[in-house]
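Here the sequence shown is numbered in full-length UniProt numbering, starting from 1 and rising by one per residue.
These notes are about the structure you will find just below.
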Amino acid sequence: MSISLSSLIFLPIWISTAQIQQGGPDEKEKTTALKDLLSRINLDELMKKDEPPFDFPDTLEGFEYAFNEKGQLRHIKTGEPFVFNYREDLHRWNQKRYEALGEIITKYVYELLEKDCHLQKISIPVDATESEPKSFIFMSEDALTNPQKLMVLIHGSGVVRAGQWARRLIINEDLDSGTQIPFIKRAVDEGYGVIVLNPNENYIEVEKPKMRKQLSADGTDEPAEKRERREKVSKETKKRRDFFEKYRNPQKEKEMMQLFIRMIQREADVKSKVTAVALTDSVHNVWHQEAGKTIREWMRENCCNWVSSSEPLDTSVESMLPDCPRVSAGTDRHELTSWKSFPSIFKFFAEASQAKSSSQKPTLTRRSHRIKHEEL
């Protein structure tokens, strides 16, 4: 909020200076007075943040929140839902608080996957060296041995991690609508092995190393005279950089860098072993990702995308890209598409599984939608 305030302060001053400079000699006194005023402004005091430190609890109890019997996040004392604007006019601090709570939610969901859903946490890559960056996924005990069917759950992009569909739904609605837990439990009840992937956990963050002291060409320390001359030249640049750094990073947060985790692509294995893929409001683009003809054909035959729409559930939805059939998820809210299409997705899987068993394609209304695109 103080950033906006400072912008409102500086912009009129800049305009006033320009207007004064366009005036005649009589305006010189005003210019001098204005410069004198600006010289008296203590920029450090002007830009000092009244923002509290980003020092947040690391447990739900510390935030004074808990999930009730309905899976809703409620304040322990008041019973009220989560309040984002905990401190007025401190949006950045409130956002950081929300993100801190989100990290706790992520760990909480991980615990539910292991305790409630009885999944095992598996480190990947399975052949990683001790020093190599690693991630993890969750699997049911029979995930690799189930002789009939396996369900693989993959969340969307963003801050969500394994077991989540939407952090906002978990915090503001409930666990059922915001997590993959209902899908996992029903899949287990119907005899599926289950794997919960964690694609957003594809890197680790480490603190950026500090810049080493520069050396002269011959490898010795830079001469004092040369260093003083260089520092004098860069003084104004440094002053401007420090000026804006107070806005960008007022709390002096650590600068981080990303180390990516090794990945493997197995197109042939996927196409030969996967029977059906259910997407929920996916924003993929087969053309942008340079998917080959065989992949596009495979998607049209084996995928269906439940998209956000005000149309009733499973109503065919037209698309400019004939990548795969699209039907309404029965909601126009993106984050609710997985939860609202929950029963239809399991029906789709059942039909696909039965069709594979009988060596026939599932006779779905979505197929006619695909043919319409091929005719175009």
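We treat Cβ as the ideally placed atom computed from N, Cα and C, and that holds for glycine.
The three-state reading of DSSP puts Gln148 in coil, since its state is none of H, G, I, E or B. Taking a contact to require three or more Cβ pairs closer than 8 Å, the stretch 191-204 and the stretch 142-160 qualify as touching. Between the alpha carbons of Ser234 and Thr31 lies a gap of roughly 28 Å. Beta-bridge pairing by DSSP links Ala278 to Cys304. Under DSSP, Glu207 shares a beta bridge with Met256. In this structure, the alpha-carbon of Ser338 lies about 9 Å from that of Ala166. Cβ contact annotation for Leu112 (same chain, cutoff 8 Å, sequence separation greater than five): Gly163, Leu175, Thr179 and Ile181, in chain order.
Taken through DSSP and simplified to helix, strand or coil, Tyr192 comes out as coil. Around the beta carbon of Phe342, 16 or more other beta carbons lie within 10 angstroms, which makes this residue buried.
In the three-state DSSP reduction, His91 falls in the helix class (H, G or I).
The criterion of a C-beta distance shorter than 7 Å is not satisfied by Arg333 and Asn305.
Counting along the chain, the unbroken alpha helix (DSSP H) around Ser177 starts and ends at Leu175 to Gly178.
One Cα belongs to Asp189, the other to Gln72, and the distance between them is close to 24 Å.
Cβ-Cβ distances below 6 Å link Glu311 to Ser328 in the same chain, with the five nearest sequence neighbours on each side left out; the list follows chain order. A direct Cα-to-Cα measurement between Phe136 and Lys226 gives close to 51 Å.
In this structure Ile184 does not touch Ile105 by the C-beta definition: roughly 17 Å separates them, more than the 8 Å allowed.
In the structure shown, Gln265 falls within a coil segment according to DSSP collapsed to helix, strand and coil. For the pair Val196 and Ala187, the CB atoms are not nearer than the 7 Å cut-off. Counting the other Cβ atoms within 10 Å of the Cβ of Ser123 gives fewer than 16, which makes it exposed. Pro81 and Ala100 have their alpha carbons spaced roughly 17 Å apart. Secondary structure within the stretch 48-123: the alpha helix (DSSP H) runs of 4 or more consecutive residues, fully enclosed, are 60-63 and 91-115 (chain order).
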